[in-house]
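Following the numbering used here, the numbering of the sequence shown begins with -5 at its first residue and continues without gaps. Quick reminder that beta carbons are idealized off the backbone N, C-alpha and C, glycines included.
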Amino acid sequence: MTSVLSSLLDDVLRRNAGEPEFHQAAREVFGSLEPVIAAHPRYAEAAVLERLTEPERQLIFRVPWTDDSGRVRVNRGFRVEFNSALGPYKGGLRFHPSVTLGTVKFLGFEQIFKNALTGLPIGGGKGGSDFDPKGKSDAEVMRFCQSFMTELYRHLGEHTDVPAGDIGVGGREIGYLFGQYKRITNRYESGVLTGKGVGWGGSLVRTEATGYGAVFFAQRMLATRGRDFDGARVLVSGSGNVAIYAIEKVHQFGGTVVACSDSSGVVYDPEGIDLELLRQIKEVERGRLSAYAERRPSADYRAGGDIWALASETRIDVAIPCATQNELDAAAAATLAAGGVAAVVEGANMPCTPEAVAVLVQSGILFAPGKAANAGGVATSALEMQQNASRDAWTFEYAEQRLAEIMNSIHDSCAATAEEYGAPGDYVLGANIAGFVRVADAMLALGVI
-5 MTSVLSSLLD DVLRRNAGEP EFHQAAREVF GSLEPVIAAH PRYAEAAVLE
45 RLTEPERQLI FRVPWTDDSG RVRVNRGFRV EFNSALGPYK GGLRFHPSVT
95 LGTVKFLGFE QIFKNALTGL PIGGGKGGSD FDPKGKSDAE VMRFCQSFMT
145 ELYRHLGEHT DVPAGDIGVG GREIGYLFGQ YKRITNRYES GVLTGKGVGW
195 GGSLVRTEAT GYGAVFFAQR MLATRGRDFD GARVLVSGSG NVAIYAIEKV
245 HQFGGTVVAC SDSSGVVYDP EGIDLELLRQ IKEVERGRLS AYAERRPSAD
295 YRAGGDIWAL ASETRIDVAI PCATQNELDA AAAATLAAGG VAAVVEGANM
345 PCTPEAVAVL VQSGILFAPG KAANAGGVAT SALEMQQNAS RDAWTFEYAE
395 QRLAEIMNSI HDSCAATAEE YGAPGDYVLG ANIAGFVRVA DAMLALGVI
């Protein structure tokens, strides 16, 4: 890294103390930008990086609500509106006890580049709360969502800021949030939230989009080495929305997902994960993954197990981490490399530590960063906005076709950019530079704002 970039990064870390996830995301991006800054000094002269790493707006607010016993609870809400050079702020809401301002800033910063890579007119933002929907009744979740939206609504709009779901925010929560927005504003502004139910303004394929998109990207990436998913054995961490639909698409492409996980442990099923059973347990019963092995004779449940360790026991061709940030460390990466894994594709946001990425790249494993590989969700959210704006509804087949086209375009853009800047096959550099250039050029065109 040049002295100029190093000095800028030091300043970002100093000004954002105590936010390790944001620091990690900033380091990754800065580490890729040396060749583009050298080739185009106008970006440094106009202080694009200084402006890009400072959110346009950071909102922190109190969210009071009443539980079923009548006790008043208080949580903290966040919305970081990071960059709107390309369009309205776009990014999900995460409800999880681990959510802090640093978490939201890291996610929002990543979202800038992810959204830019889609080629669609959307800026970057993220939000959420330290509220935990697990174990709460529908009535408690509704009261929390209504209180959250009562504060946030004044900052939203289909041309201003358009949230969606993320961890802990699914169709139930989006429904409660949209209902309160509609009630307060007296407008059926369906484009203000995405991830809505199909019957009231949502898009087909939105539920499947992030998982499907990661697999579309992986298929395109594997093809650069003459491979595909047909006959492949795959690990998918997590067992939520992204994981479930990544598993589904891998199976449709002829691969076999042999393991998935949750926060309690790992299920290994050498015959392939039974998707219907997994959906029943996770989506209908909202249960733990251990129940899967109790009902599936071929499955082995390992409490507290490490899903990546399976690469040392059985042949694994592709790994798709879909759980949470920093879940795959250097030791796990070394296990995957020793096991002959061909590709690692980030379905979650930054699930691989920097040390893990280094191991994977040095081992010659194809590596797809989340800002590129998991952009399918936000891409389909933008397609949902298009349908809302035109009062239209697309078929599943057409929406999936558009998603596949966007993911293939993202892959090709990352690959071509890496080639242009002398690092063929480096999807991290390709994604960071391709996303940066699109946002930076728009920022220069708009002036110092």
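Nearest-angstrom Cα separation, counted from residue j out to residue i
| i | j | result |
| --- | --- | --- |
| V186 | A79 | 18 Å |
| L27 | A350 | 20 Å |
| S357 | A328 | 9 Å |
| L229 | R36 | 44 Å |
| P91 | R56 | 15 Å |
| L53 | V209 | 34 Å |
| A40 | S1 | 16 Å |
| S233 | L440 | 42 Å |
| S197 | T(-4) | 45 Å |
| L114 | A325 | 37 Å |
| E167 | E414 | 43 Å |
| A217 | V66 | 55 Å |
| F211 | S63 | 47 Å |
| P127 | E134 | 9 Å |
| F390 | G169 | 21 Å |
| L409 | L423 | Reading off the sequence, residue 409 comes out as Ala, not Leu. Distance between the alpha carbons of A409 and L423: 9 Å. |
| G416 | A369 | 25 Å |
| A19 | E279 | 35 Å |
| P264 | A436 | 49 Å |
| R51 | V74 | 6 Å |
| V312 | N10 | 36 Å |
| P363 | A412 | 13 Å |
| V181 | T112 | Checking the displayed sequence, the identity of residue 181 turns out to be Arg instead of Val. Cα to Cα, the separation comes out at about 29 Å. |
| T47 | F103 | 7 Å |
| H34 | R432 | 13 Å |
| D477 | G334 | A query on residue 477 cannot be resolved here, the shown segment of the chain reaching from -5 to 443 and no further. |
| K365 | A425 | 7 Å |
Minimum C-alpha distance to residue i - residue among the options
| i | options | result |
| --- | --- | --- |
| V199 | E394, I427, A439 and S(-3) | E394 |
| F76 | S63, W59, F55 and R45 | R45 |
| T308 | N109, A332, A387 and A325 | A332 |
| G189 | D420, G371, M(-5) and P29 | G371 |
| E202 | T154, G341, D126 and M215 | G341 |
| D61 | V252, R137 and F107 | R137 |
| I106 | Q380, S403 and N343 | N343 |
| A253 | A387, T154, R221 and D268 | D268 |
| I116 | R88, H153 and G96 | H153 |
| V339 | G129, T204, L(-1) and E277 | T204 |
| T347 | R296, D294, E22 and L3 | E22 |
| G225 | V236, S231, T218 and Q213 | Q213 |
| F223 | G248, P345 and F211 | G248 |
| R88 | G165, D132 and E279 | G165 |
| L(-1) | A362, V42 and N10 | V42 |
| P29 | V433, A436, I427 and V442 | I427 |
| D406 | Y392, R221 and Y421 | Y421 |
| P14 | L146, S231 and L95 | L95 |
| G191 | A158, Y206, G162 and D294 | A158 |
| V156 | E48, I178, G162 and K84 | K84 |
| I314 | W388, R273, S231 and E378 | S231 |
| V448 | G195, D256, A367 and V93 | The displayed coordinates of the chain run from -5 to 443. Any statement about residue 448 would go beyond what the structure contains. |
| S375 | V261, R221, G298 and P82 | P82 |
| R219 | L438, P418 and H17 | P418 |
| G299 | K276, T318, R273 and Y262 | Y262 |
| T179 | E145, G195 and N235 | E145 |
| F125 | G71, Q319, H149 and V442 | G71 |
| G195 | V442, E378, S258 and R221 | E378 |
Exposure label - residue i; buried when at least 16 CB within 10 Å
| i | result |
| --- | --- |
| W59 | buried |
| D5 | exposed |
| S184 | buried |
| V68 | exposed |
| E321 | buried |
| I301 | buried |
| I359 | buried |
| D256 | buried |
| V260 | buried |
| A507 | As displayed, the chain neither begins before -5 nor continues past 443, which places residue 507 out of reach and without an answer. |
| Y392 | exposed |
| P291 | exposed |
| D386 | exposed |
| D447 | One cannot answer for residue 447 here, as it falls past the ends of the chain, which runs -5 to 443. |
| G129 | exposed |
For this session: At 4 residues or longer, and completely inside the stretch 34 to 60: list those alpha helix (DSSP H) runs for me, N to C.
Result: Complete alpha helix (DSSP H) runs here, min 4: 36 to 39 and 42 to 46.
For this session: Entirely within the stretch 307 to 347 and at least 3 residues each: give me those beta strand (DSSP E) ranges in chain order.
Result: 312 to 315 and 337 to 339, all fully within the stretch 307 to 347.
For this session: Enumerate, from N- to C-terminal direction, the unbroken beta strand (DSSP E) stretches of 3 or more residues contained entirely within the stretch 113 to 149.
Result: 117 to 123
Problem set entry | the stretch 138 to 149 touching the stretch 400 to 408, judged by at least three CB pairs closer than 8 Å | Contact between the stretch 138 to 149 and the stretch 400 to 408 is absent, with fewer than three C-beta pairs closer than 8 Å.
For this session: Answer yes if the stretch 228 to 246 comes into contact with the stretch 262 to 282, meaning at least three C-beta pairs across the two stretches below 8 Å, and no otherwise.
Result: Touching, yes, given that three or more Cβ pairs across the two stretches are closer than 8 Å.
Exercise. Is it true that the stretch 278 to 291 meets the stretch 301 to 317, where meeting means three or more beta-carbon pairs spaced less than 8 Å apart?
Worked result: The answer is no - the stretch 301 to 317 does not touch the stretch 278 to 291, with fewer than three Cβ pairs under 8 Å.
Problem set entry | Minimum length 4: unbroken alpha helix (DSSP H) runs contained in the stretch 140 to 224 | 165 to 179 and 203 to 217
Exercise. Does the stretch 119 to 129 come close enough to the stretch 377 to 390 to have 3 or more Cβ pairs within less than 8 Å?
Worked result: In short, these stretches do not touch, since the Cβ pair count stays below three.
For this session: Taking only runs that begin and end inside the stretch 277 to 309, name each unbroken alpha helix (DSSP H) of 4 or more residues, in chain order.
Result: 284 to 289
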